[in-house]
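Heads up: the protein sequence lines correspond to chains A and B, in order. So the first sequence is residues 55 to 198, counted in the numbering used here. So the second sequence is residues 7 to 293, counted in the numbering used here. Quick reminder that beta carbons are idealized off the backbone N, C-alpha and C, glycines included. For clarity, every value in this text was computed on a predicted model and none was experimentally measured.
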Amino acid sequence: MGKMSRSPWLLHYDASSCNGCDIEVLDCLTPKYDIERFGIINTGDPFQADILLITGGVNSQTEPVVKQLYSQMPSPKVVVAVGICACTGGVFKECYNIRGGIDTVIPVDVYVPGCAARPESIIDGVVKAVQILDQKRAAQNQEA
Amino acid sequence: MTRILLILGYLVLAPAAGALLDGADRVISARMQRRKGPSLLQPFYDLQKLFAKQMIAVNNVQMLLNLSYLVFLAIAGAMLFAGQDILMCMFILSTADMFLIMAASSDSSPYASLGAGREMLQMMAYEPLTLIIAVGFYLTTGSSHVSDIVHASSSAVWLMPGMFLGFIFTAAVKFRKSPFDLSTSHHAHQEMVKGLTTEMSGPTLAIMNIAEYYEMILILGIFGLFIVNENWWSWPLAVLVCLVIFFLEVLWDNASARVKWDLLLKGCWTVTLLAGGLNLLILMLVR
Ligand code: SF4
Numbered sequence: 055m056g057k058m059s060r061s062p063w064l065l066h067y068d069a070s071s072c073n074g075c076d077i078e079v080l081d082c083l084t085p086k087y088d089i090e091r092f093g094i095i096n097t098g099d100p101f102q103a104d105i106l107l108i109t110g111g112v113n114s115q116t117e118p119v120v121k122q123l124y125s126q127m128p129s130p131k132v133v134v135a136v137g138i139c140a141c142t143g144g145v146f147k148e149c150y151n152i153r154g155g156i157d158t159v160i161p162v163d164v165y166v167p168g169c170a171a172r173p174e175s176i177i178d179g180v181v182k183a184v185q186i187l188d189q190k191r192a193a194q195n196q197e198a
Numbered sequence: 007m008t009r010i011l012l013i014l015g016y017l018v019l020a021p022a023a024g025a026l027l028d029g030a031d032r033v034i035s036a037r038m039q040r041r042k043g044p045s046l047l048q049p050f051y052d053l054q055k056l057f058a059k060q061m062i063a064v065n066n067v068q069m070l071l072n073l074s075y076l077v078f079l080a081i082a083g084a085m086l087f088a089g090q091d092i093l094m095c096m097f098i099l100s101t102a103d104m105f106l107i108m109a110a111s112s113d114s115s116p117y118a119s120l121g122a123g124r125e126m127l128q129m130m131a132y133e134p135l136t137l138i139i140a141v142g143f144y145l146t147t148g149s150s151h152v153s154d155i156v157h158a159s160s161s162a163v164w165l166m167p168g169m170f171l172g173f174i175f176t177a178a179v180k181f182r183k184s185p186f187d188l189s190t191s192h193h194a195h196q197e198m199v200k201g202l203t204t205e206m207s208g209p210t211l212a213i214m215n216i217a218e219y220y221e222m223i224l225i226l227g228i229f230g231l232f233i234v235n236e237n238w239w240s241w242p243l244a245v246l247v248c249l250v251i252f253f254l255e256v257l258w259d260n261a262s263a264r265v266k267w268d269l270l271l272k273g274c275w276t277v278t279l280l281a282g283g284l285n286l287l288i289l290m291l292v293r
């Protein structure tokens, strides 16, 4: 385990989700799933976050917000798209205001499918994200 | 010689002890909520990660102010553990806090400014009792020097029980425990986001955390001062009492909701006046 993977802090943002995926993200914090056992903290502050969890597709109103949040996070950072809406736009893909999945706006590292994504798969996605976080950190060290 | 060893011991061991206590706090809190919780060493992992993160500085002074907060807290703690004047130590403690407030208000985030304002309210809430305690130690032992207080023939707590209990109450403010974690909190990260620490990231936040660990050990040291006397067995007893108090704070943290600022002020001042003030009056009469 590397430096980053032992204490990944999450920032959760709802880009335009129906709230189904959001509830599942919060489920991960409950005693049953307890993601704090991985050292994960659900922080509300992009300045302190390592992993950006986004639910729902991006629409014209949330696009600047998503970009802003992403730019405020110190690197190394990883983005996880939770739910089919965040991956591709899902059932809302054809809507006039929807840009599509999160990857139309910022680079996404992990895609978690499901409608709504189940807590187990969200945790799986976060664990994947944590590995990527370590790789990014190693790559950064090599550059420096 | 021993004095230098004590100072060095504090400077080196206090952050480690503080981080361990913080880890224990998180594990105990998790168990109280029927969760498994993180590992005991989690705060060390967090610090390690924070130092490895990119440094995003919102301005040039925040890091400097945070470092000043750290240094002043270390000085205050070192003074206590070196047996210096307790009143001076408490003044430096408040000076350190002013640096934290300045660090938080130096950026433009409304959350951070709100946190800084609340931190000032918190200072107003706990400061009176800390001063009363310093006077209490002077009246009880005839000296405000820590080196004299620890050589008293009986524990100070017998003559200052009110102040002791009152300090358990107001220490929740210093430990940033619910119901008094208004300015920045370890839990419930969504309300007002992170208050004071909103614009602190990576290394800056790590410095702030280390400073908090120094402060934690310093406050526990003051609790210990209530217990220690000239007998050797009072030292392990003091450590035990400190641990019990810390556990009580964690329990209280998990069992209570955050209060509003006016209740914080009223609550702390009532306790200060009743427990601290009455105790002080009686002390002045009997001494
Ligand atoms: S994936 Fe399903 S549950 Fe999640 S936001 Fe989209 S519609 Fe809602």
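Check	Outcome
Contact list for B/K59 against chain A, beta-carbon separation under 8 angstroms	D104, P128, S129 and P130
Distance cut-off 7 angstroms: A/V145 Cβ against heavy atoms of the ligand SF4	yes
Interface flag, B/M206 vs chain A, CB-CB below 8 angstroms	yes
Where B/D154 sits in the DSSP three-state scheme	helix
Helix, strand or coil at A/R91 [DSSP, three-state]	helix
With 16 other Cβ atoms within 10 Å as the buried cut-off, status of B/T210	buried
Reduced DSSP category for A/I105 - H, G, I as helix; E, B as strand; rest coil	strand
Under the three-state DSSP convention, the category A/G154 falls into	strand
CB contact check: A/R60 to chain B, cutoff 8 angstroms	yes
Same chain, Cβ closer than 8 angstroms to B/M166, neighbours up to 5 away in sequence not counted	I139, G142, F143, T146, F232, N285 and L289
For A/N113, the residue or residues it bridges with in DSSP	A/I152
Chain-ordered neighbours of B/I62 on chain A, where CB pairs are closer than 7 angstroms	F101 and P128
Beta-carbon proximity check, B/T190 vs B/G121, cutoff 8 angstroms	yes
Classification of B/C95 by the beta-carbon crowding that lies within 10 angstroms, buried from 16 upward	buried
Inter-stretch contact at 8 angstroms, needing at least 3 Cβ pairs: the segment 98–116 of chain B / the segment 65–85 of chain B	yes
Start-to-end residues for the alpha helix (DSSP H) that takes in B/W238	No alpha helix (DSSP H) holds B/W238; DSSP gives it neither H nor E.
Candidates B/W238, B/L270, B/W164 and B/S207, of which the one nearest B/V3 by Cα	The shown model of chain B, from 7 to 293, leaves out residue 3 of chain B, and the question about it has no answer.
CB contact flag (B/K180, A/D99, <8 angstroms)	no
N- and C-terminal bounds of the alpha helix (DSSP H) containing B/V141	P116 to T147
Whole alpha helix (DSSP H) elements within the segment 59–94 of chain B, 4-residue minimum	67–87
The segment 247–260 of chain B / the segment 172–187 of chain B touching (three or more Cβ pairs under 8 angstroms)	yes
For A/L64: DSSP bridge partner residues	A/N96 and A/I105
Identity of the residue in B/I34, B/M7, B/Q54 and B/T8 nearest B/A22 by Cα	B/Q54
A/A192: CB within 7 angstroms of a non-hydrogen atom of the ligand SF4	no
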